[in-house]
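Engineer:
There are 2 protein chains.
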Amino acid sequence: MRVVEVALGERSYPIYIGEGLLARADLFARHLPGPEVFVVSDERVAPLYLETLRTALPGRRLDTLVVPAGEAHKTLATVERIFDALLGAGHGRTTTLVALGGGVVGDLTGFAAACYQRGVRFLQVPTTLLAQVDSSVGGKTGVNHPLGKNMIGAFHQPAAVVADLATLATLPEREYRAGLAEVVKYGLIADAHFYRWLGERLEGLKGRDPGILEEVVARCCRIKAEVVARDEREAGLRAILNLGHTFGHAIEALQDYRGWLHGEAVAVGLVLAAELSARLGRIPKAAVEELEQLLAALGLPTRLPKGLAAEEMLAAMGRDKKVVAGSLRLVLLDGLGRAEVTDRYPRDLLADLLAEQCAAGADPASA
Amino acid sequence: MRVVEVALGERSYPIYIGEGLLARADLFARHLPGPEVFVVSDERVAPLYLETLRTALPGRRLDTLVVPAGEAHKTLATVERIFDALLGAGHGRTTTLVALGGGVVGDLTGFAAACYQRGVRFLQVPTTLLAQVDSSVGGKTGVNHPLGKNMIGAFHQPAAVVADLATLATLPEREYRAGLAEVVKYGLIADAHFYRWLGERLEGLKGRDPGILEEVVARCCRIKAEVVARDEREAGLRAILNLGHTFGHAIEALQDYRGWLHGEAVAVGLVLAAELSARLGRIPKAAVEELEQLLAALGLPTRLPKGLAAEEMLAAMGRDKKVVAGSLRLVLLDGLGRAEVTDRYPRDLLADLLAEQCAAGADPASA
Numbered sequence: 001m002r003v004v005e006v007a008l009g010e011r012s013y014p015i016y017i018g019e020g021l022l023a024r025a026d027l028f029a030r031h032l033p034g035p036e037v038f039v040v041s042d043e044r045v046a047p048l049y050l051e052t053l054r055t056a057l058p059g060r061r062l063d064t065l066v067v068p069a070g071e072a073h074k075t076l077a078t079v080e081r082i083f084d085a086l087l088g089a090g091h092g093r094t095t096t097l098v099a100l101g102g103g104v105v106g107d108l109t110g111f112a113a114a115c116y117q118r119g120v121r122f123l124q125v126p127t128t129l130l131a132q133v134d135s136s137v138g139g140k141t142g143v144n145h146p147l148g149k150n151m152i153g154a155f156h157q158p159a160a161v162v163a164d165l166a167t168l169a170t171l172p173e174r175e176y177r178a179g180l181a182e183v184v185k186y187g188l189i190a191d192a193h194f195y196r197w198l199g200e201r202l203e204g205l206k207g208r209d210p211g212i213l214e215e216v217v218a219r220c221c222r223i224k225a226e227v228v229a230r231d232e233r234e235a236g237l238r239a240i241l242n243l244g245h246t247f248g249h250a251i252e253a254l255q256d257y258r259g260w261l262h263g264e265a266v267a268v269g270l271v272l273a274a275e276l277s278a279r280l281g282r283i284p285k286a287a288v289e290e291l292e293q294l295l296a297a298l299g300l301p302t303r304l305p306k307g308l309a310a311e312e313m314l315a316a317m318g319r320d321k322k323v324v325a326g327s328l329r330l331v332l333l334d335g336l337g338r339a340e341v342t343d344r345y346p347r348d349l350l351a352d353l354l355a356e357q358c359a360a361g362a363d364p365a366s367a
Numbered sequence: 368m369r370v371v372e373v374a375l376g377e378r379s380y381p382i383y384i385g386e387g388l389l390a391r392a393d394l395f396a397r398h399l400p401g402p403e404v405f406v407v408s409d410e411r412v413a414p415l416y417l418e419t420l421r422t423a424l425p426g427r428r429l430d431t432l433v434v435p436a437g438e439a440h441k442t443l444a445t446v447e448r449i450f451d452a453l454l455g456a457g458h459g460r461t462t463t464l465v466a467l468g469g470g471v472v473g474d475l476t477g478f479a480a481a482c483y484q485r486g487v488r489f490l491q492v493p494t495t496l497l498a499q500v501d502s503s504v505g506g507k508t509g510v511n512h513p514l515g516k517n518m519i520g521a522f523h524q525p526a527a528v529v530a531d532l533a534t535l536a537t538l539p540e541r542e543y544r545a546g547l548a549e550v551v552k553y554g555l556i557a558d559a560h561f562y563r564w565l566g567e568r569l570e571g572l573k574g575r576d577p578g579i580l581e582e583v584v585a586r587c588c589r590i591k592a593e594v595v596a597r598d599e600r601e602a603g604l605r606a607i608l609n610l611g612h613t614f615g616h617a618i619e620a621l622q623d624y625r626g627w628l629h630g631e632a633v634a635v636g637l638v639l640a641a642e643l644s645a646r647l648g649r650i651p652k653a654a655v656e657e658l659e660q661l662l663a664a665l666g667l668p669t670r671l672p673k674g675l676a677a678e679e680m681l682a683a684m685g686r687d688k689k690v691v692a693g694s695l696r697l698v699l700l701d702g703l704g705r706a707e708v709t710d711r712y713p714r715d716l717l718a719d720l721l722a723e724q725c726a727a728g729a730d731p732a733s734a
């Protein structure tokens, strides 16, 4: 087992990474001071892992709620169901919520924990690659609004993250690949060496080699932990973790959160952010092509989905949380392994790029 | 104008107290760094004061939302309307929300500000006595759940509180009196001298004497600011501000938030907490009678409303946020001007008191 620490003073917590951790009662016991536990999971994950987790939480009053799976259910209405269940079962301020599932379950449960009785403890138990390398770490919680992704939420750090690598074996292929988009992102923004290392291990990555996965999850968590420790509430630096996400969130919102997976949308967003960076002379054109090849080799889309208009994309991007005083800031690359948030880019360049790409249409790889 | 500072490090803020502050553009300008403002008010307050406030916020993009008045609308559904309006009008993370109204508007708006884009600035502009002396200060925000008052919420401090005493002149008599219950509470928990001072100024209090009101609001805010500065997130001490509230919240929830006003329910709660304290020998019996006389003289109820069963009251109180590991803690007096949160009281004593009081039925003064 590897342990990565997120250093946030009194809000510090460990990320445990390893095989079989779901059954480690000793690990959970360390982080459950109260007598009550409330586990939230979804329809896909609960049948696979809820019983295992239950046996790792002995001697406590345990209630559970299983919510529908998928980004379309990351709404205030689902959070309200969690509140109803908590109050109905009489959970007090000393309860601990446990999120067992992917990014949607983690974001929903974390936000419920942030607001229930003005804040209770919670644990993240991510079971997808995307959640293990990204969404379970750092305390961003929340839900979507029809007009924008993650528009309602809170910063609320978990008490611990327990990432059982064994759960990745049961991930549907498409979900697994979507998680790889965030992995590539970490290389791009913070670690050129890791980015190259990924490119040299395509077979192992696609084959879910356990040793490679352990290294991948630990490396990504270390990068995220370091960024979050330096800028917990995204005053500046932390926004680099959103490379490609302004594009990606716009795609997801325009598809009513029922189209591409988050990671798929982010993959295309990475390409667009890289392309814009190249047109500004920040990275060589060849780096964009290399990125497209890597993403395609990992089975990820590199072109916008069919049927989006450039104007819709621009409007949806204009509702991004990185808009400051009406001006949309973007995360752009600054060489490989470095990124910055900036509003110093010609607006025409962005509009032209979107016009071209929207006209070019869908990536055949992601029909 | 008086200024009371709430000392919370980087989250510190001033409470401005005086006549005519709603029109003070200079005051608002200090606390509105961004170009956008979003004012939330209710149907009763907006017709009286929204225009005045609007003229005090020149040169900014200003949007408004008027919500229905009353505790029954302090729900997640109303907060969702605020999110819809903010996103519909394109407000970004640099916006400032302004709560113009009583406790309900302040709690709703503050919670919306806590969650919108994971947290934006907000100003409290309280227009009721209850909001000026209590709910606008200290950062407790949130909404009710059918099963319990304020069960969903966040700690989110305002950037400033602007309490215009002139607004108290237009308060309906019943609303005004309800606010006096919280005023009496401050004397009971923290300031015996102030408690006596109130008893000697019944006519001035009932007649809304401006000089007396200024002193009352400033004194209560100073007490609250001091308690909040010592325990922002209610790890312990802060709970004394909830004297009488466990009883009061249970009454409100059992009436579906459509019966008594919060302050009325708190008035009876104060009597019950004092009575329990007296039966435990913590205060003399005569102090309870004195309290009942003071509340009655101010036009407030001192007996439970008709038709409540002791078992329902106990069950509703059992869902209080002060329940720790299944045990209900209560705020009890410890002499006049001192209170503590404790679970050291015989449960029978509470059950007997509620059985008696529920049988005794309604206070004729509050039919």
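Chains as they are written, first to last, in the numbering used here: chain A, 1 to 367; chain B, 368 to 734. For each residue, glycine too, the CB sits at the ideal point set by N, CA and C. Keep in mind that this is a model prediction, so the values were computed, not measured.
Mind checking if B:Q484 is an interface residue toward chain A, Cβ cutoff 7 Å exclusive?
Structural biologist: Stepping through the second sequence from its first residue, residue 484 of chain B is reached at position 117. By this cut-off, B:Q484 is an interface position.
Engineer: Using only CA atoms, which one of B:E386, B:K516, B:L555, B:D531 lies nearest to B:A620?
Structural biologist: Locating residue 620 of chain B in the second sequence gives position 253, counting from the first residue. Cα-wise, what sits closest to B:A620 is B:K516.
Engineer: Which residues, in order along the region 697 to 716 of chain B, keep a beta-carbon less than 7 Å from a beta-carbon of chain A?
Structural biologist: Per Cβ criterion, the list is empty.
Engineer: Could you run through the region 75 to 87 of chain A and flag, in chain order, every residue whose CB is less than 7 Å away from some CB of chain B?
Structural biologist: Within the region 75 to 87 of chain A, the qualifying residues are L76, E80, F83, L87.
Engineer: Between A:T94 and chain B, is the shortest Cβ-Cβ distance under 7 Å, so that the two count as touching?
Structural biologist: The count along the first sequence starts at 1 and reaches residue 94 of chain A at position 94. So yes, A:T94 belongs to the interface.
Engineer: According to the neighbour-count rule (16 or more other Cβ atoms, all chains shown, within 10 Å of its Cβ), is B:P400 buried or exposed?
Structural biologist: Counted from its first residue, the second sequence places residue 400 of chain B at position 33. Label assigned to B:P400: exposed.
Engineer: Could you tell me the alpha carbon to alpha carbon distance between A:S366 and A:A265, rounded to whole angstroms?
Structural biologist: Translated into the one-based positions of the first sequence, residue 366 of chain A becomes position 366. Translated into the one-based positions of the first sequence, residue 265 of chain A becomes position 265. Low local confidence applies: a pLDDT of 49 at A:S366 is under 50, so the model's placement there is unreliable, with the coordinate-based value given in what follows. Taking the straight line joining both Cα atoms gives about 10 Å.
Engineer: With distances taken Cα to Cα, identify the nearest neighbour of B:R369 among B:L375, B:E377, B:W564, B:E386.
Structural biologist: Sequence index remark: in the second sequence, residue 369 of chain B carries index 2 (1-based). Measuring from the Cα of B:R369, the nearest candidate turns out to be B:E386.
Engineer: Assign B:G626 to one of three DSSP states: helix, strand, or coil.
Structural biologist: As a first step, residue 626 of chain B must be located in the second sequence, where it is residue number 259. Residue state, collapsed to three classes: coil.
Engineer: State the Cα-Cα distance for the pair B:C588 and A:Q117, rounded to the nearest angstrom.
Structural biologist: As a working note, residue 588 of chain B is residue 221 in the second sequence. As a working note, residue 117 of chain A is residue 117 in the first sequence. Those two C-alpha atoms are separated by around 24 Å.
Engineer: Are A:A154 and A:T170 touching if we call contact CB-CB under 7 Å?
Structural biologist: Looking up residue 154 of chain A in the first sequence gives position 154. Looking up residue 170 of chain A in the first sequence gives position 170. Going by C-beta atoms, A:A154 is not nearer than 7 Å to A:T170.
Engineer: Can you tell me which of the three DSSP states B:T709 falls into?
Structural biologist: Counting from one through the second sequence, the residue named residue 709 of chain B turns up at place 342. B:T709 falls in the strand class under three-state DSSP.
Engineer: Based on Cα-Cα distance, which residue from B:A585, B:G626, B:W564, B:L695 lies nearest to B:L532?
Structural biologist: Taking the second sequence and counting its residues from 1, one reaches residue 532 of chain B at position 165. Among B:A585, B:G626, B:W564, B:L695, the Cα nearest to that of B:L532 belongs to B:A585.
Engineer: What residues in the region 142 to 154 of chain A bring their beta carbon closer than 7 Å to a beta carbon of chain B?
Structural biologist: Against chain B - using a Cβ distance shorter than 7 Å - the residues of the region 142 to 154 of chain A are G142, H145, L147, G148, M151, I152, G153, A154.
Engineer: Which whole-angstrom value describes the C-beta separation of B:Q735 and B:G506, a residue pair presumed to lie in contact below a C-beta threshold of 8 Å?
Structural biologist: The structure shown does not extend to residue 735 of chain B, since chain B is modelled only from 368 to 734, so the question has no answer here.
Engineer: Please report the straight-line C-alpha distance between B:L424 and B:I449, rounded to a whole angstrom.
Structural biologist: Looking up residue 424 of chain B in the second sequence gives position 57. Looking up residue 449 of chain B in the second sequence gives position 82. Taking the straight line joining both Cα atoms gives about 20 Å.
Engineer: At a Cβ threshold of 7 Å, is B:A692 touching chain A?
Structural biologist: Residue 692 of chain B sits at position 325 when you count from the first residue of the second sequence. Yes, B:A692 counts as interfacial toward chain A.
Engineer: Buried or exposed, going by whether 16 or more other CB atoms sit within 10 Å of the CB of A:L349?
Structural biologist: The residue labelled residue 349 of chain A in the question sits at position 349 within the first sequence. Looking at its Cβ environment, which holds fewer than 16 other Cβ atoms inside 10 Å, A:L349 is exposed.
Engineer: I want to see whether chain B comes within less than 7 Å of A:K224, judged by CB atoms only; does it?
Structural biologist: The count along the first sequence starts at 1 and reaches residue 224 of chain A at position 224. A:K224 does not count as touching chain B.
Engineer: How big is the Cα-Cα spacing for A:L298 and A:K206?
Structural biologist: Taking the first sequence and counting its residues from 1, the one referred to as residue 298 of chain A is at position 298. Taking the first sequence and counting its residues from 1, the one referred to as residue 206 of chain A is at position 206. Their Cα atoms are separated by approximately 7 Å.
Engineer: My understanding is that A:V67 touches A:L108, with C-beta atoms under 8 Å, so please give their C-beta distance in whole angstroms.
Structural biologist: Along the first sequence, one-based indexing puts residue 67 of chain A at 67. Along the first sequence, one-based indexing puts residue 108 of chain A at 108. At roughly 7 Å, the Cβ-Cβ gap stays under 8 Å, so A:V67 and A:L108 are in contact.
Engineer: Tell me which residues of the region 35 to 48 of chain A have at least one Cβ-Cβ distance to chain B shorter than 7 Å, keeping chain order.
Structural biologist: Residues passing the 7 Å Cβ filter: P35.
Engineer: Looking at C-alpha atoms only, which residue of B:T534, B:A727, B:H560 is the closest neighbour of B:A413?
Structural biologist: For this step, residue 413 of chain B is matched to residue 46 along the second sequence. Looking at the Cα atoms, B:T534 is the closest of the given residues.
Engineer: In chain order, which alpha helix (DSSP H) runs of at least 4 residues are fully inside the region 34 to 74 of chain A?
Structural biologist: Whole alpha helix (DSSP H) segments, 4+ residues: 46 to 55.
Engineer: Here's a check: name, in chain order, each residue in its chain whose Cβ is nearer than 8 Å to the Cβ of A:P14, leaving out the five neighbours to either side.
Structural biologist: Working through the first sequence from its first residue, we reach residue 14 of chain A at position 14. Same-chain partners within the cutoff: V3, V4, E5, V6, A160, V161.
Engineer: Closer than 8 Å by C-beta to B:D623: which residues in its own chain qualify, once you throw out the five before and the five after it? Chain order, please.
Structural biologist: Taking the second sequence and counting its residues from 1, one reaches residue 623 of chain B at position 256. So the list reads A439, P513, once near-sequence residues are dropped.
Engineer: Whole angstroms is fine: what's the gap from A:L276's alpha carbon to A:L353's?
Structural biologist: Numbered from 1 along the first sequence, position 276 holds the residue referred to as residue 276 of chain A. Numbered from 1 along the first sequence, position 353 holds the residue referred to as residue 353 of chain A. Cα to Cα, the separation comes out at about 8 Å.
Engineer: So, with DSSP's three-state summary, where would you put A:V162?
Structural biologist: Reading the first sequence from its first residue, position 162 is the one you call residue 162 of chain A. Of the three classes helix, strand and coil, the one that applies to A:V162 here is strand, per DSSP.
Engineer: Hey, is B:A732's beta-carbon within less than 7 Å of any beta-carbon in chain A?
Structural biologist: Here the question's residue 732 of chain B lines up with position 365 in the second sequence. Because the pLDDT of B:A732 is 48, which lies under 50, any placement of that residue in the model is unreliable, and the number read from its coordinates should be weighed accordingly. Chain A, which has no Cβ nearer than 7 Å to the Cβ of B:A732, makes this no.
Engineer: Comparing alpha-carbon positions, which option in A:A25, A:Y176, A:E312, A:R303 lies nearest A:V216?
Structural biologist: What you label residue 216 of chain A is simply residue 216 of the first sequence in a count that begins at 1. It is A:Y176 whose Cα lies nearest to the Cα of A:V216.
Engineer: Can you tell me whether B:P493 is buried or exposed, with buried defined as 16 or more other CB within 10 angstroms of its CB?
Structural biologist: The residue labelled residue 493 of chain B in the question sits at position 126 within the second sequence. The residue is buried, with at least 16 neighbouring Cβ atoms inside 10 Å.
Engineer: For B:I650, name the three-state secondary structure that DSSP assigns.
Structural biologist: If you number the second sequence from 1, residue 650 of chain B lands on position 283. B:I650: coil per DSSP, three-state reduction.
Engineer: Cβ of B:A706 within 7 Å of Cβ of B:L569?
Structural biologist: By one-based count along the second sequence, residue 706 of chain B stands at place 339. By one-based count along the second sequence, residue 569 of chain B stands at place 202. No, the Cβ-Cβ distance between B:A706 and B:L569 is not below 7 Å.
Engineer: Can you tell me whether B:S773 is buried or exposed, with buried defined as 16 or more other CB within 10 angstroms of its CB?
Structural biologist: Because chain B here runs from 368 to 734, residue 773 of chain B falls outside it and cannot be looked at.
Engineer: What does a CB cutoff of less than 6 Å around A:M368 pick up in its chain, not counting 5 residues either side in sequence?
Structural biologist: With chain A covering 1 to 367 only, the question about residue 368 of chain A has no answer from this structure.
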